[in-house]
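Novice: Read left to right, the sequence shown gives residues 0 to 647 (numbering that gives the first Met the number 0).
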Amino acid sequence: MKFYFDHYLPSEGFVNRHEWTGSVEKKDPGQLSERMHQDVIMRVNYFRAMAGLNANIKLSDDLNIMAQEAALMMSYENKLSHYPDKSWKYYSDAGVTAARNSNLSLGLNFPNYGPTAVDEQIEDAGDNNTNLGHRRWILYSKAPLLMGHGSIPLSNIIKHPEPEPEPEPEPEPEPEIDPNNRNSSMALWVIGNPPDSNLNPVDFIAWPPAGYVPRQVVYNRWSFAIPQSRNNSADFSSANVIVKKNDTEIPINIIHRGNHLDGNDPAIGFEMNAEELIVEDSRDQIFSVTISNIKGTEKDRYTYKVTTIEPNHLNTIPLTGPNLIYDDTIDEIEFGEISAAEIYELLVSESVKKDWFEGVEDIDNLKVQTDSSTSNSIIVENVEGNNTQSFHLVNNGDNFQIINKLVPSEKSILKFDHFFKYVGEGTCLNVEILPDSGQWEKTWQRYGKHGFQVIVGDWDNAWNTIEIPLKQYSGQTIRVRLIYRYESGANWTPLPGEDPFQMGAFIDNISINECEEMVPLVSKIIQRGKNIFDISDLNHGIYSLRVKAKISSRWFDHSSSKFIQKINGLEPEIILDKFKVYPTNNIEIQVISKGLDILTIQSSENGGASWKDLNSKNIQNDVQKRLQFRFDTDMQNSILYRVVGSKN
0 MKFYFDHYLP SEGFVNRHEW TGSVEKKDPG QLSERMHQDV IMRVNYFRAM AGLNANIKLS
60 DDLNIMAQEA ALMMSYENKL SHYPDKSWKY YSDAGVTAAR NSNLSLGLNF PNYGPTAVDE
120 QIEDAGDNNT NLGHRRWILY SKAPLLMGHG SIPLSNIIKH PEPEPEPEPE PEPEPEIDPN
180 NRNSSMALWV IGNPPDSNLN PVDFIAWPPA GYVPRQVVYN RWSFAIPQSR NNSADFSSAN
240 VIVKKNDTEI PINIIHRGNH LDGNDPAIGF EMNAEELIVE DSRDQIFSVT ISNIKGTEKD
300 RYTYKVTTIE PNHLNTIPLT GPNLIYDDTI DEIEFGEISA AEIYELLVSE SVKKDWFEGV
360 EDIDNLKVQT DSSTSNSIIV ENVEGNNTQS FHLVNNGDNF QIINKLVPSE KSILKFDHFF
420 KYVGEGTCLN VEILPDSGQW EKTWQRYGKH GFQVIVGDWD NAWNTIEIPL KQYSGQTIRV
480 RLIYRYESGA NWTPLPGEDP FQMGAFIDNI SINECEEMVP LVSKIIQRGK NIFDISDLNH
540 GIYSLRVKAK ISSRWFDHSS SKFIQKINGL EPEIILDKFK VYPTNNIEIQ VISKGLDILT
600 IQSSENGGAS WKDLNSKNIQ NDVQKRLQFR FDTDMQNSIL YRVVGSKN
């Protein structure tokens, strides 16, 4: 995970820093910024390092210049070829040489250049890439230590009209700019002299590799190669491949069976349905791969495991310690550390019992927040008989959610008023709840009714009140959001010049009764290695504790809540110190007690099915005390006795 953040993500955002100085229209290959080149080689080295290969590849200034020529040739001609000829409208000897030694990429109305093109070459999708040649050159065990890179950012496509046919031939028309389409291109020089020694020798080269792999770089085409050597010249013509996902075999399709004629390391390629790669609820997916019946190698069978992960999601950080803390008990809490974390933040929230309500009247103190844009942008006034302000959701994705987490009781009900104007039949308003499990859950939904043509004023006649019981979330910390989603059909989203007030969903008077609001009280930074902390500075009350981790300058979400209650007084305790039966049919019981207001002797003559009080003593709970009970008993019968304590 940390490696992904440190060596993959920093090369994102390259579209804003390529600083290209050239022009496709003017046939000028131009130059790219040094940062752009570094972004590309960082991406190349990321993939190589993940595969266990030498990841110290650098770029050559001379090869960069030639690769830039090749990239311009591809962009100007709007097609790819490793063997362009002089019929191409833009031609250079340097570009031709680079084209023969490079992975080439072209994107139509898509920024398929720079690091994105490296991703695309590793993915190697398409019917013409079943031998996974681009991937295999980037992940070649004997790749040159110097590569070259050239990229053409998105530029208008140059159209080349054909000349008029005879009998009246015209001079070749001037090229024209296509105003509606753009392309981008990239050349990555990957073929060259191998290093003098085999750096980082590996048994095999797989993509995705064995171990933990971010799902963002796992594609449905997988490959397995064995480095070519004197002792290994792999032939996969009869090889078998078995892939299991979470211990269940899944279907795969072998698309390439390589051998020593592959040009680099012989490989086998296979693909699976994209649905098999879906990460469910941010959970890790474990794939076991077995490749057998390989010829020409020292080993004929390999097995390895790939675990796809969601790098933007951490498994919850467990917090352990007492749930009830008294004045005389240990108040230390411990959380499980994450090896890659740099520091942690502890958030302490205090429980406040209330009937939660948001009426959209005090804009400066709203209890909800939105990531649609700003809170003010989704607040309107005077909607259809409602003389107050309300929320207005009209664009796809418009939403608002409760800021502080709430803890519903079994009696809690979420209640709100809403009003639909023009809302498409494929557009809905959802109520979603985020419990401690970390996944938004839909609890209520309403679709609109309008198609592409509507009757003026054909919307709700009055405000509608919705009530949603929250019993299933009793005792859990939750967040609630209302979100407006467009799915299909007529899209009643206001265009420039249209009145948005006639479209969308309006919401007001949101309430949750008999709940607890977790009001943030304090946050603390906790250094790595200090995962045991005390909460002695908290007053008596109910609190929730949550921890989040920082990895590679990135803060992750808070963990699930751990609830604690700090109680005034000593921890209740009764210790039986002495039990004596006297010949006079008396029993004496001595106990040591603390944290209780009343101690009571009880007896049972039916084996504990029912109990009756015999004697009680009022005590103070602020100190430990020794108490004595003496009472008569019936020696002829079997009687049980016990001491119970209670607080006023």
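Beta carbons: idealized from backbone N, C-alpha and C, even for Gly.
My output table needs one value for residue 435: the three-state DSSP class, helix, strand or coil.
Specialist: Residue 435: coil per DSSP, three-state reduction.
Novice: Does residue 241 pass the burial test, meaning 16 or more other C-beta atoms within 10 Å, or should it be called exposed?
Specialist: Looking at its Cβ environment, which holds fewer than 16 other Cβ atoms inside 10 Å, residue 241 is exposed.
Novice: Write down the C-beta distance between residue 43 and residue 185 rounded to the nearest angstrom, noting that I regard them as a contact closer than 8 Å.
Specialist: Going by Cβ atoms, the distance from residue 43 to residue 185 rounds to 12 Å, so no, they are not a contact pair.
Novice: Compute the Euclidean distance between the alpha carbons of residue 545 and residue 346, then round it to the nearest angstrom.
Specialist: Residue 545 and residue 346: Cα-Cα distance of roughly 5 Å.
Novice: Any contact between the region 393-405 and the region 508-523? By contact I mean 3 or more CB pairs, one from each, below 8 Å.
Specialist: Flag = yes, the region 393-405 and the region 508-523 touch.
Novice: In three-state terms, what does DSSP make of residue 146?
Specialist: The answer is strand: DSSP assigns residue 146 an E or B state.
Novice: Could you give the distance in angstroms between the alpha-carbon of residue 152 and the alpha-carbon of residue 189?
Specialist: If you take the alpha carbons of residue 152 and residue 189, they lie about 20 Å apart.
Novice: Residue 628 to residue 580, Cα distance in whole Å?
Specialist: When rounded, the distance between both Cα atoms is 12 Å.
Novice: If residue 420 sits next to residue 503, beta carbons under 8 Å apart, how far is it from one beta carbon to the other, in whole angstroms?
Specialist: The Cβ separation is near 6 Å, so the contact holds.
Novice: Give a yes or no on whether the C-beta atoms belonging to residue 295 and residue 130 are separated by under 9 Å.
Specialist: Not closer than 9 Å, so no.
Novice: Tell me which residues share the same chain as residue 477 and place their Cβ nearer than 7 Å to its Cβ, disregarding the 5 neighbours each side in the sequence.
Specialist: Excluding sequence neighbours, residue 477 sits near 404, 405, 407, 432, 433, 434.
Novice: What are the complete alpha helix (DSSP H) segments, minimum 4 residues, inside the region 71-145?
Specialist: Counting whole runs of 4 or more residues, the region 71-145 contains the alpha helix (DSSP H) stretches 92-99, 113-122, 132-137.
Novice: When we look at the beta-carbon of residue 136 and count the other beta-carbons within 10 Å, is it buried (16 or more) or exposed?
Specialist: When all chains shown are included, residue 136 counts as buried.
Novice: Over the uninterrupted alpha helix (DSSP H) stretch that includes residue 588, give me the two end residues.
Specialist: Per DSSP, residue 588 belongs to no alpha helix (DSSP H); it is in the beta strand (DSSP E), 585-593.
Novice: Among 31, 224, 92, whose alpha-carbon lies nearest the alpha-carbon of residue 51?
Specialist: For residue 51, the nearest C-alpha among the options comes from 224.
Novice: Taking buried to mean at least 16 other C-beta atoms within 10 Å of its own C-beta, is residue 373 buried or exposed?
Specialist: A caution first: residue 373 carries a pLDDT of 48, below 50, which makes its placement in the model unreliable, though a value can still be read off. Exposed is the call here.
Novice: Using only the alpha-carbon positions, how far apart do residue 361 and residue 553 sit?
Specialist: Spanning the two alpha carbons is a distance of roughly 34 Å.
Novice: Please report the straight-line C-alpha distance between residue 484 and residue 387, rounded to a whole angstrom.
Specialist: Answer to the nearest angstrom: the Cα atoms are 25 Å apart.
Novice: Pull up the distance between the alpha-carbon of residue 306 and that of residue 283, whole angstroms please.
Specialist: For residue 306 and residue 283, the distance between alpha carbons rounds to 6 Å.
Novice: What residue range does the beta strand (DSSP E) around residue 640 cover?
Specialist: 639-645 is the extent of the beta strand (DSSP E) around residue 640.
Novice: Compute the distance between the beta-carbons of residue 418 and residue 376, then report whether it is under 9 Å.
Specialist: No, the Cβ-Cβ distance between residue 418 and residue 376 is not below 9 Å.
Novice: Looking at the unbroken beta strand (DSSP E) that takes in residue 5, where does it start and where does it end?
Specialist: Premise fails: residue 5 lies in the alpha helix (DSSP H), 1-6, not in any beta strand (DSSP E).
Novice: Have a look at 547, 359, 534 and flag the residue whose alpha-carbon is nearest the alpha-carbon of residue 313.
Specialist: Checking every option, the nearest Cα to that of residue 313 belongs to 547.
Novice: Can you name the start and end residues of the alpha helix (DSSP H) that residue 44 belongs to?
Specialist: Residues 33-49.
Novice: What are the complete alpha helix (DSSP H) segments, minimum 4 residues, inside the region 328-361?
Specialist: The region 328-361 contains no whole alpha helix (DSSP H) run of 4 or more residues.
Novice: Evaluate residue 82 with the Cβ neighbour count: other Cβ atoms within 10 Å of its Cβ, from every protein chain shown; 16 or more gives buried, anything less gives exposed.
Specialist: Flag for residue 82 reads exposed.
Novice: Per DSSP, what kind of secondary structure is residue 446 in: helix, strand or coil?
Specialist: Three-state DSSP puts residue 446 in a strand.
Novice: Which class does residue 13 belong to by DSSP, given the choice of helix, strand or coil?
Specialist: Three-state result, residue 13: helix.
Novice: Below 8 Å, is the gap between the Cβ of residue 182 and the nearest heavy atom of the ligand HEM?
Specialist: This structure simply doesn't include the ligand HEM, nor any ligand for that matter.
Novice: Below 8 Å on the Cβ atoms is my contact criterion, and I expect residue 590 with residue 566 to pass it. Report the Cβ-Cβ distance as a whole number of Å.
Specialist: Actually they are not in contact, since the Cβ atoms of residue 590 and residue 566 sit about 21 Å apart, beyond 8 Å.
Novice: Take residue 270 and list the residues in its own chain whose beta-carbon comes closer than 8 Å to its own, dropping the five residues that flank it on each side.
Specialist: The answer, listed in chain order, is 219, 220, 221, 251, 252, 254.
Novice: Between the region 111-130 and the region 194-204, can you find at least three pairs of beta-carbon atoms closer than 8 Å?
Specialist: Because the criterion of three Cβ pairs below 8 Å is not met, the region 194-204 and the region 111-130 do not touch.
Novice: Comparing C-alpha positions only, which one of 509, 479, 336 sits nearest to residue 464?
Specialist: For residue 464, the nearest C-alpha among the options comes from 509.
Novice: Could you tell me whether the region 87-99 touches the region 176-185, where touching means 3 or more Cβ pairs closer than 8 Å?
Specialist: Output reads no: the region 176-185 does not touch the region 87-99.
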